[in-house]
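Residue numbers (numbering that gives the first Met the number 0): 0 to 117. We put the CB at the ideal spot given by N, CA and C, even for glycine. None of the values given here were measured: they were computed from a predicted structure.
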Amino acid sequence: MGEVLEATREDFHDLVAEGLVMVDVWGPQCRPCIALMPHIAKLAEERPELKVVKLEAPKARRVCIELKVHGLPTFMLLRDGQEVGRLSAPEISPAQLREWLADQLKDSNGEEVSESAG
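Below is the structure:
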């Protein structure tokens, strides 16, 4: 993929329905969210097997309630629409995000999982 897709409340479920998707739930008033944006774009380029979707929380409140998002930034990893991992904290460094994602993409044997696995 290599790109970051902007989801709306109308198309979010369609965008995350298939494959391996990292969701970035963010808000325009969230400084850590804004600071992480260039790093998220770089992750999207480095991991073409991963679809990266941004969801602006204030514009998609019902989706955020459904996803049980309680703070920003929140990152979720979904496989075929089902949550398999979540990272949420007031301050997330680029290194923490990379480490979390790498851990989420490993199977129980420590091998990296691809989109076709599962």
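Compute the Euclidean distance between the alpha carbons of residue i and residue j, then round it to the nearest angstrom.
{"i": "Leu76", "j": "Asp23", "result": "9 Å"}
{"i": "Gly70", "j": "Ala88", "result": "7 Å"}
{"i": "Leu42", "j": "Arg97", "result": "8 Å"}
Which term fits residue i, buried or exposed, when burial requires 16 or more other beta carbons within 10 angstroms of its beta carbon?
{"i": "Ala116", "result": "Residue confidence is low: Ala116 scores 44 on pLDDT, short of 50, so the model does not pin down where it sits. Its coordinate-derived value is still stated next. Result: exposed."}
{"i": "Ile33", "result": "exposed"}
{"i": "Thr7", "result": "exposed"}
{"i": "Pro47", "result": "exposed"}
{"i": "Pro27", "result": "exposed"}
{"i": "Pro37", "result": "exposed"}
Would you list the residues sitting across from residue i in a DSSP beta bridge?
{"i": "Thr73", "result": "Val24, Ser87"}
Do residue j and residue i count as a contact pair if the criterion is CB distance below 8 Å?
{"i": "Val3", "j": "Val51", "result": "yes"}
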